[in-house]
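Engineer:
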Amino acid sequence: MGVAGSKLEKALGDQFPEGERYFGLENFGNTCYCNSVLQALYFCVPFRDQLLEYYSHNKPTGEAEENLLTCLADLFMQINSQKKKTGVIAPKRFVQRVKKQNELFRSYMHQDAHEFLNFLLNELVEILEKESSATKKLSGNLTQPEKKTNGSVNGQANGTQQPPVLTWVHNIFQGTFANETRCLRCETITARDEAFLDLSLDIEQNSSITSCLRNFSSTETLNAEDKFFCDKCCSLQEAQKRMKIKVLPQILVIHLKRFKFIEQLGRYKKLSYRVVFPMELKLWNTTDNTPGSDAEYSLSAVVVHVGSGPNHGHYVSLVKSHNHWLFFDDENVEMIDESVVQTFFGSTQEYSNNTDHGYILFYESLNHKF
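By the count of the working numbering, the sequence shown reaches residue 394 at its end, each step adding exactly one.
(1) Can you determine whether any heavy atom of the ligand FMN sits closer than 7 Å to the C-beta of H134, and answer yes or no?
(2) Can you tell me whether DSSP reads A181 as helix, strand or coil?
(3) Pick from V327, P334 and N335: whose alpha carbon is nearest that of V343?
(4) Do E50 and V112 come within 8 Å of each other at the CB atom, strictly closer than that value?
(5) Determine the closest residue to R298 out of V61, Y79 and T379, with distance taken between C-alpha atoms.
(6) Taking just the CA atoms, how far does P41 sit from H346?
(7) Measuring straight from C-alpha to C-alpha, what distance separates G290 and D136?
(8) Buried or exposed for L390, please, with buried defined as at least 16 other CB atoms from any protein chain shown within 10 angstroms of its CB.
(9) If distances are taken between C-alpha atoms only, which option among E249, D73 and K160 comes closest to W192?
(10) Could you give the distance in angstroms between the alpha-carbon of Y66 and the alpha-carbon of W349?
(11) Where does V299 fall in DSSP's three states?
(12) To the nearest angstrom, report how far apart Q373 and L75 are at their CA atoms.
(13) Between S332 and the rest of its own chain, which residues show a CB-CB distance below 8 Å, the 5 nearest in sequence each way excluded?
(14) Would you kindly check if the distance between the Cβ of T243 and the Cβ of E218 is under 8 Å?
(15) To the nearest angstrom, how far is the alpha carbon of Y292 from that of F71?
(16) Could you check the C-alpha separation between L99 and F220 for me, to the nearest Å?
(17) Give every residue of the same chain whose Cβ lies closer than 7 Å to the Cβ of A114, excluding the five residues on either side of it in the sequence, and list them in chain order.
(18) Please report the distance separating the alpha-carbon of Y46 from that of F351.
(19) In the structure shown, what three-state DSSP assignment does V327 receive?
(20) If you draw a straight line from the alpha carbon of S395 to that of L280, how long is it in whole angstroms?
(21) Hey, how far is the Cα of A35 from the Cα of M359?
(22) How about E122 and L152: are their beta carbons less than 8 Å apart?
(23) Do Y339 and S60 have their CB atoms nearer than 8 Å?
(24) According to DSSP, is W192 part of a helix, a strand, or is it coil?
(25) Could you check the C-alpha separation between A202 and C236 for me, to the nearest Å?
(26) Around the Cβ of A181, are there at least 16 other Cβ atoms within 10 angstroms (buried) or fewer (exposed)?
(27) Going by the beta-carbon positions, is the gap between H336 and R282 smaller than 8 Å?
(28) Hey, could you find the ends of the alpha helix (DSSP H) M101 is sitting in?
(29) List the endpoints of the continuous alpha helix (DSSP H) containing A64.
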């Protein structure tokens, strides 16, 4: 990467951001799914800052037990403290830990970057929750056992509602849906809040993120075998259901559902649909009382799936750093023009030479003090 690194430094020149590091990640045999997500997270500044702060208070010692969080913090610290501005890091310890922790990622088969991101964030949440509970026990503040929140959901202990442990991962990525169901017989509305760490959106050909969000929050009628059990009517009734965003996350992660199970084929197929994702995004599908409902989001990273099918291919990432766009492909890092991002929207035709499609989008709130 010496030549590529010096090329990148030359391209940025005196605009090279002070204190920033642009390092490629070595691939250990089909670990591009991991590398692409790690780069997106590293340049998600609120996440990086919190992780480095965590590292400063929890520096690994010989006696401390290693886990996925300590391995990730150590990797981010390695990159952040490099004397050189560019180069390649081998995330060997982190990848070994991932494989040890989850057998799904032990094979050399093509893995799903979204599954990996979900696994990673939920694993970090679980570790932080356990540490928080242990701290409370030591200080004598925890009178009842806390139930695992699984990254999002409030727990109950002995029939008493326990306040959920909100970690810094929640503070960055977690939002809340308002899931409203209206009985068409008695008009009673049943509302239920559901936490999320990312939004998975169905996609259509020649669409946009806005239209995908509109479909996500459109009213759905529950009838026939899908009838809703209304507590007031004490029976199954036809109902209308819709989901709106009640609490906005600081970092909005959008997963485009590009892999769809086709019953006629008996397998998953990749949808190469063109889905436009803007540089700036406003969410309109919020509830009337959502704090900061007029918040603007700015695109900060894109994990791209390269390939024509779900079981093979490659992952790369596009990252915005200090108003520059960078292209990360395992060990290689290049500077790109912002206009290049548009080439990853997808294809207008089903069969196209372009197989590089945006898969996971990271949007950062420009005014996140909701």
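C-beta: ideal position from N, C-alpha, C; glycine also. Note that the coordinates shown come from a computational prediction; the quantities given were computed from them, not determined experimentally.
Structural biologist: Inspection of the coordinates gives the following:
(1) Because no ligand of any kind appears in the structure shown, any question about the ligand FMN cannot be addressed here.
(2) Because the pLDDT at A181 is just 42, under 50, the model does not fix this residue reliably, and the point stays unresolved.
(3) For V343, the closest alpha carbon among the candidates V327, P334 and N335 is that of V327.
(4) The Cβ-Cβ distance between V112 and E50 falls below 8 Å.
(5) When each option's Cα is compared against that of R298, the closest is T379.
(6) For H346 and P41, the distance between alpha carbons rounds to 7 Å.
(7) Those two C-alpha atoms are separated by around 19 Å.
(8) The residue in question, L390, is exposed, as its Cβ has fewer than 16 Cβ neighbours within 10 Å.
(9) Cα-wise, what sits closest to W192 is D73.
(10) Answer to the nearest angstrom: the Cα atoms are 14 Å apart.
(11) It is a strand residue.
(12) Within the model, the alpha-carbon separation for Q373 versus L75 is close to 42 Å.
(13) Cβ neighbours of S332 beyond the five flanking positions: K294, S296 and T379.
(14) With contacts defined by Cβ atoms closer than 8 Å, E218 and T243 do not form a contacting pair.
(15) If you take the alpha carbons of Y292 and F71, they lie about 33 Å apart.
(16) L99 and F220 have their C-alpha atoms roughly 26 Å apart.
(17) Around A114: E50.
(18) Distance between the alpha carbons of Y46 and F351: 10 Å.
(19) Note: V327 maps to strand in three-state DSSP.
(20) This structure cannot speak to residue 395, because the chain is shown only from 25 to 394.
(21) Cα-Cα distance, rounded: 7 Å.
(22) Residue identity differs from the one stated: residue 122 is Val in this sequence, not Glu. The Cβ atoms of V122 and L152 lie no closer than 8 Å to each other.
(23) In this structure, the beta-carbon distance from Y339 to S60 falls below 8 Å.
(24) Of the three classes helix, strand and coil, the one that applies to W192 here is helix, per DSSP.
(25) Roughly 18 Å between the two C-alpha positions.
(26) Low confidence applies to A181: its pLDDT is 42, below 50, so where it sits in the model is not reliable, and the reading given next is rough at best. Exposed is the label assigned to A181, since fewer than 16 other Cβ atoms lie within 10 Å of its Cβ.
(27) Not a contact, by the Cβ cut-off of 8 Å.
(28) Unbroken alpha helix (DSSP H) run through M101: L92 to N104.
(29) C56 to Y66 is the extent of the alpha helix (DSSP H) around A64.
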